[in-house]
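S.K.:
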Amino acid sequence: MIVAQNLIKSYGAAKVLHGVSLTVAAGERIVLCGPSGSGKSTFVRCLNGLEERQGGTVEIAGHCLSADCANVLALAGDVGMVFQQFNLFPHLTVLDNLTLAMRRVRRTPHRAAEEEAMAMLARMQLTEKAASYPRQLSGGQQQRVAIARALCMKPKVMLFDEPTSALDPEMVKEVLDVMTDLSCQGLTMIVVTHEMGFARSVADRIIFMDRGTILEEADPETFFRHPSHARTKEFLRQIGTQY
Amino acid sequence: MIVAQNLIKSYGAAKVLHGVSLTVAAGERIVLCGPSGSGKSTFVRCLNGLEERQGGTVEIAGHCLSADCANVLALAGDVGMVFQQFNLFPHLTVLDNLTLAMRRVRRTPHRAAEEEAMAMLARMQLTEKAASYPRQLSGGQQQRVAIARALCMKPKVMLFDEPTSALDPEMVKEVLDVMTDLSCQGLTMIVVTHEMGFARSVADRIIFMDRGTILEEADPETFFRHPSHARTKEFLRQIGTQY
Amino acid sequence: MSYEILLQSIPIVYAGLKLTLIVTLAGFVLGQALALPLGLALTARSPLLRWPVATHTFLLRGSPLLVQLFILYYGLAQFDAVRASAIWPIIREPVNCAIIAIGLNSAAYVAVIIAGGLKRLPPGQAEACISLGLSRFSRMRDVLLPQVYRAILPSIGNELILVLKASSLASAVTVMEMSGAARAFTAKTYAPFEVFIVAGLLYLAIGFLFGIAFRFVERRIPGVAAIGKSGRAAQPRPQALGASS
Amino acid sequence: MSLILAYLPHLLEGLLVTLEVALGSFAIGLVIAIAAVFGAEFGNAPVRWCVSTYVTIIRGLPELLVIFLVFYGGTVLLSRMFGAYVEVDALTAGICALSFVSGAYLTEILRGALHTIPPGQAEAAKSLGLGTGATFRHVILPQMFSYALPGLGNQWLIILKESALVSIVGLEELMRKGVVAAGATQSPMTFYLIVAGLYVAITSVSMAIFAYGNRRLTFGR
Amino acid sequence: EPLRIGTSADFPPWGYTDTAGDIVGFDREVGDEICKRIGADCAWTNQSFDGLLASLQVGKFDLVISGLSITAERAKQVDFSKAYADAPYHIATIKGGALAATKTRAELEAALEGKAIGVQTGSTHEAVANTYFKNADVRLYERNEQIADDLAAGRIDAGLLEQSVWEELMKAREGKLELAGPMLTSADYAEFGNGQGIALKQGREDLKARVDKAIVDMISDGTIGKISTKFFGYDLSYKG
Ligand SMILES: Nc1ncnc2c1ncn2[C@@H]1O[C@H](COP(=O)(O)OP(=O)(O)OP(=O)(O)O)[C@@H](O)[C@H]1O
Ligand SMILES: Nc1ncnc2c1ncn2[C@@H]1O[C@H](COP(=O)(O)OP(=O)(O)OP(=O)(O)O)[C@@H](O)[C@H]1O
Ligand SMILES: [Mg+2]
Ligand SMILES: [Mg+2]
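Okay, structure coming up:
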């Protein structure tokens, strides 16, 4: 489903990704973690063509992404993305947020799109928020709308970039619940997160990045019990067990 | 050191504090927690006169605060406050951030203020950042500067309002370390936080607020082992053990 | 278009340059000086302070500067009481009237900018000051105003250019600055184009110099990137809409 | 006094012309500005250069000079092109000249607003598969206007007052009517005060309208 | 194809608007009479003075009739018809002032030395004031009533305007002003120009010839004199 080979990315002189490779099978659930600035976001954004790259190949959901992302629109919603800052369209109601791309990209008729969107909102337990504007929702609700918006396009792959880190502690749970739910349905997912509880219970594989490279890659059991790198251990100590 | 009685606060029609009372002895360390919107910030801000109140009395660090906070400046730095958003002065260097109030409020001579401030920075391990501007620092460093700035005024009471929740996971630790350090020195403190590890190891008393009232009040041992209210249990489950 | 007239009009416009600069710079400085108290009054808690100033700035921003200039210059002079008073020696001179009218007008605009800047500062800044015990005066002088001025510096630079352009109205009260000189030249020779082009170029050149000066000042002032951004500096990303499509 | 009253209808006529010129040039200026913003953000280097030169020069010159040069320079050009004088009526001419001026200012306002839209908006649109056109129309443009509204309101008030300058191309708008009436009646102060009052009146009304628009365009804030 | 005429009708009695908003005044009636005589329809446009000549040069107007004084310098840019009027000028000052006592030209010139004198932009008076009143502080005003107001307020010592204009202005200012020195004409100061003419775009010889003929006729048969008396109270038709 995803084959990334030897990705290289730099901002001017600063190299951010030093040849990152990753293969993800259909239905696999990957959790990506690592210290701040290690390049997690950049990597994920390269995967769905939001970031040009200086080298390497990306094949995702059946599309080959060119290095300058010229053909990013060919993905046409096949790769869903959920951002840390939600990035809902503030001038549209929740329902319109969901239907916009369905109608403009998938050419779903207005009526059908709204029905589908309402079904999706029901699944997210947001039915009564359909006519609200994003600003009128709590953070957790906003993030659930963002997930719903991506899912409406029936993506083959979902990418999540720290979807819970802008949320209040109590709202984290409602979003993690939705994501756990998705993972049970066999969607291919890459999730950047520091929620180690989630990683442990959901991930097929955990990937640890540091300074633009993949340092460690293992199933959750191995990752938490026997991390091989000192940097990973240090990271786990700081994240997991602060006191 | 702090005696708050029957605090009432409303925004227009919405009542936010429904008669909150709290007595804190000198040297006591209180952790305040509770769900979002329960009024923790509002309560703490009433204590140091940042928020007018509609009823109740506040006596803090030897001053009686009037309900309209007209005499808030009489506190003159006796009550230190650390905010979630740091609120450093962005146009001043770290050193000037620290010395400004010492010079203008305490009338400490320029030279003496700088010496004291440098000593404080040394304690915070920030000596080499003295000439930096706040935005050149990481979040953890900024928060440590904010703490240092308040400490420079030699406050009798320190209030912390979610001092770590705007920080990256890795930076949380450096700030909590500093706060633990302070708590060992016998400073009277009220800390609003969701860091339960910190609460457990540092607090003399944990106070749980919900919907503008204090629901539960106990030593850490009792609080975590045998919470008496269902709401507290629910909260602890969501915060502490998400998965 | 004739080169002979073009050359002829250069010294004509140049003769107005000095007056343009005097009116511009003096008007600007007067405007800035008055803007600060007005701006503070606009954000004052007391309605007794706020309302008169709000009305004043509204009237000055809501009517054409030319009319204001006429009222100050010709209107006031009609009253014997004014001519007997201490301000007469000042407003007797056309240059002073132009400077005062432009300064008052500019002050109204800048006051609103300052008030806006104060309101846009994160409330945490004032709260931090209170919790440190800083007096109101010190809060303004040491913390809030430096940040406001840093944030509105580009607007103030803009204002200088606007005042430069407004100075072209001074000729309505006999102050023959550049554009007035250009119009007088046109009236004398009936050749309208050349002299306006020369004047235009000079205005552009002065505006350009002012712009450079302000950018220089801006770069010299450290600190505050943008108002309201505390914590980690926002990561710069490429343009709002990618150029890839 | 009765002589003054007799000239009031002329002032009101002038007021109508002022409104026509201001509204017309605001609308056309807005169209120019949208095109210029699109060019400045998505165009190639020459287009970007053209836009920035246009904006810089227009904003650096006193408006009277710009209107003068645009209109008379433009007429000379047009006449050369067609080999004979091209008749442009005063209203069209005034609106054209002022549109050109206001277009430059509006470009800057819209560009500023465009840059306040978080980049995440365009990225979200892209990740949903929306093309550049659809993104601009459905995601960027509505937000841009909502951010730009205060700036647009300011610019409208400025154009309102600047419309006084188009009397140079032969339009009898409010200010010119005031001057003419002042000349005919020998009571200049009265007319200047009335004219100022009329401007302030329109200003108040338009500010109320913009405040209403601002409230409508807040999307649940 | 009507003849398009531009004028700045803010200048009584040469050109102004009546309460119905129509352009009236000396220029208007002279212009209408010329049109009648050359057999043309006329369309009048009232436009601020600043734009009149540019409009003429780009072809928006065929004629500009707005009390324009004929000078050699201006004739390089536009063609002038034969002069149709020759307005007399006068200096005015505050009533009972030192200047008011002057009677002859020489006295006047001596008294004006170093004084502040108001003249109108777009008139030829600036050149006169600069040339003959030594070290005078010559100030340019856009409108004649502004000169009268500043004179009354004491900002300037003297104003130089057309004879006819003063009368109206002095009446409106309730005797605060009075005339000084003699009446002045182009015979006294050549810089005043050679009377007032009609401006045409350069090269329109045919039209100019027809207009010229009409003007010569109107002067000789007394038509202009009649119109002039109606508006000014005396005959200022060109006799040179
Ligand atoms: N537009 C940019 N220009 C220059 N450098 C950038 C830019 N965006 C990111 N970087 C740098 O690239 C590196 C990787 O950034 P990235 O956002 O991918 O890290 P991350 O692992 O997602 O961190 P975080 O956990 O803080 O989100 C960082 O050092 C960052 O400073
Ligand atoms: N300026 C305000 N105007 C109206 N309501 C307000 C205002 N500030 C706070 N509130 C309301 O008061 C209540 C208590 O807010 P407060 O910020 O004290 O909660 P909190 O416990 O600190 O929550 P959090 O954990 O999110 O910081 C909330 O319901 C909030 O919506
Ligand atoms: Mg990231
Ligand atoms: Mg809070």
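Residue numbers (my numbering), protein chains in the order written: chain C, 136 to 378; chain F, 136 to 378; chain R, 529 to 773; chain B, 549 to 769; chain S, -14 to 225. Note that CB positions come from ideal geometry on N, CA and C, so glycine has one too.
If you run the structure through DSSP and keep just helix, strand and coil, what is tryptophan 29 (chain S)?
M.R.: strand
S.K.: Which residues mark the beginning and the end of the alpha helix (DSSP H) in which histidine 153 (chain F) is found?
M.R.: Here histidine 153 (chain F) belongs to no alpha helix (DSSP H); instead the beta strand (DSSP E) covers 149 to 159.
S.K.: Between the Cα of leucine 741 (chain B) and those of B:Lys725, B:Ser754, B:Phe619 and B:Val618, spot the shortest distance and give me the residue it belongs to.
M.R.: B:Lys725
S.K.: Contact between the stretch 688 to 700 of chain R and the stretch 604 to 613 of chain B is defined here as three or more beta-carbon pairs at a separation below 8 Å; is this criterion met?
M.R.: yes
S.K.: Evaluate contact between the stretch 323 to 331 of chain F and the stretch 295 to 310 of chain F, counting only Cβ atoms and requiring at least three cross-stretch pairs below 8 Å.
M.R.: yes
S.K.: What are the residues in the stretch 714 to 732 of chain R lying within 8 Å of chain S by C-beta distance?
M.R.: Listed in sequence order: Thr714, Ala715, Lys716, Thr717, Tyr718, Ala719, Pro720 and Phe721.
S.K.: Pull up the distance between the alpha-carbon of alanine 211 (chain F) and that of valine 240 (chain F), whole angstroms please.
M.R.: For the pair alanine 211 (chain F) and valine 240 (chain F), the Cα-to-Cα distance works out to about 7 Å.
S.K.: Valine 292 (chain C) and threonine 323 (chain C) look like a contact to me (Cβ under 8 Å); what is the Cβ gap, rounded to whole Å?
M.R.: 5 Å
S.K.: Proline 690 (chain B) touches chain C at which residues, Cβ-Cβ below 7 Å?
M.R.: His226
S.K.: Kindly indicate which three-state DSSP category glutamate 196 (chain F) falls into: helix, strand or coil?
M.R.: In the sequence under discussion, the amino acid at residue 196 (chain F) is alanine, which differs from the glutamate named in the question. In this structure, alanine 196 (chain F) counts as coil in the three-state DSSP scheme.
S.K.: Cα-Cα, which of S:Glu58, S:Leu53, S:Glu159 and S:Pro(-3) is closest to threonine 717 (chain R)?
M.R.: Closest by alpha carbon: S:Glu58.
S.K.: Please decide whether valine 68 (chain S) counts as near chain R, where near means a Cβ-Cβ distance under 8 Å.
M.R.: For the record, residue 68 (chain S) in the displayed sequence is alanine; it is not valine. So, not an interface residue.
S.K.: Verify the CB distance criterion: does aspartate -5 (chain S) have a CB-CB separation below 8 Å to chain R?
M.R.: no
S.K.: So with Cβ pairs under 8 Å, would you call threonine 473 (chain R) a contact of chain S?
M.R.: Residue 473 (chain R) is absent from the model: chain R starts at 529 and stops at 773.
S.K.: Find the residues of chain B that neighbour asparagine 183 (chain C), judging by a C-beta separation of less than 7 Å, and give them in chain order.
M.R.: Ser675
S.K.: Report yes if the C-beta distance between valine 603 (chain B) and glutamate 656 (chain B) is below 8 Å; otherwise report no.
M.R.: yes
S.K.: Starting from valine 292 (chain C), follow the alpha helix (DSSP H) in both directions and report where the run begins and ends.
M.R.: No alpha helix (DSSP H) contains valine 292 (chain C), which is instead part of the beta strand (DSSP E) from 292 to 296.
S.K.: Please list, following the chain, all residues that have a C-beta closer than 5 Å to any non-hydrogen atom of ligand 2.
M.R.: F:Tyr146, F:Val151, F:Ser171, F:Gly172, F:Ser173, F:Gly174, F:Lys175, F:Ser176 and F:Thr177
S.K.: Let me check you understand the geometry: is the CB of aspartate 303 (chain F) closer than 7 Å to at least one non-hydrogen atom of ligand 1?
M.R.: When distances are taken from the beta-carbon of aspartate 303 (chain F) to the heavy atoms of ligand 1, the shortest one is below 7 Å.
S.K.: Less than 8 Å between the CB atoms is what I'm expecting for valine 397 (chain F) and alanine 285 (chain F), so what's the real figure, rounded?
M.R.: An answer regarding residue 397 (chain F) cannot be provided, because it is not within the stretch 136 to 378 covered by chain F.
S.K.: Tell me which residues share the same chain as histidine 364 (chain F) and place their Cβ nearer than 7 Å to its Cβ, disregarding the 5 neighbours each side in the sequence.
M.R.: Leu350 and Glu351
S.K.: Give a yes or no on whether 8 Å exceeds the smallest Cβ distance from isoleucine 374 (chain C) to chain F.
M.R.: Residue-level contact by beta carbon holds for isoleucine 374 (chain C) and chain F, with a gap shorter than 8 Å.
S.K.: Does the beta-carbon of glutamate 297 (chain C), which I'm using as the reference point, lie nearer than 7 Å to any heavy atom of ligand 1?
M.R.: yes
S.K.: If you draw a straight line from the C-alpha of alanine 588 (chain B) to the C-alpha of alanine 254 (chain F), how long is it?
M.R.: 52 Å
S.K.: To the nearest angstrom, how far is it from the Cα of leucine 660 (chain R) to the Cα of proline 244 (chain F)?
M.R.: 17 Å
S.K.: When you compare only the Cα positions, how much space is there between glutamate 186 (chain C) and glutamine 669 (chain B)?
M.R.: 15 Å
S.K.: Which residue's Cα is closest to the Cα of alanine 569 (chain R): R:Val726, R:Gly555 and R:Val640?
M.R.: R:Val640
S.K.: Between alanine 209 (chain C) and histidine 198 (chain C), which are expected to be in contact by the criterion C-beta below 8 Å, what is the C-beta distance as a whole number of angstroms?
M.R.: 6 Å
S.K.: Could you pull the DSSP bridge partners for cysteine 168 (chain F) from this structure?
M.R.: F:Phe343
S.K.: Starting from methionine 324 (chain C), trace the beta strand (DSSP E) both ways and give me its first and last residue.
M.R.: 323 to 327
S.K.: Under 7 Å: does the beta carbon of glycine 169 (chain C) sit that close to some heavy atom of ligand 1?
M.R.: Flag set: Cβ of glycine 169 (chain C) near ligand 1.
S.K.: Using a threshold of 8 Å, state whether the C-beta atoms of phenylalanine 65 (chain S) and isoleucine 183 (chain S) are closer than that.
M.R.: yes
S.K.: Output yes if chain B places a C-beta closer than 8 Å to the C-beta of alanine 753 (chain R); else output no.
M.R.: Its pLDDT being 44, under 50, alanine 753 (chain R) is placed unreliably in this model, and the coordinates cannot settle the point.
S.K.: Beta carbon of alanine 148 (chain C): closer than 7 Å to some heavy atom of ligand 1?
M.R.: no
S.K.: Less than 7 Å between C-beta atoms, sequence neighbours within five positions excluded: which residues of the same chain meet that for proline 170 (chain F)?
M.R.: So the list reads Asp345 and Phe370, once near-sequence residues are dropped.
S.K.: Note down, in chain order, each residue of its chain lying with its Cβ closer than 8 Å to the Cβ of valine 313 (chain C), except the 5 sequence neighbours on either side.
M.R.: Met259, Arg279 and Ile282
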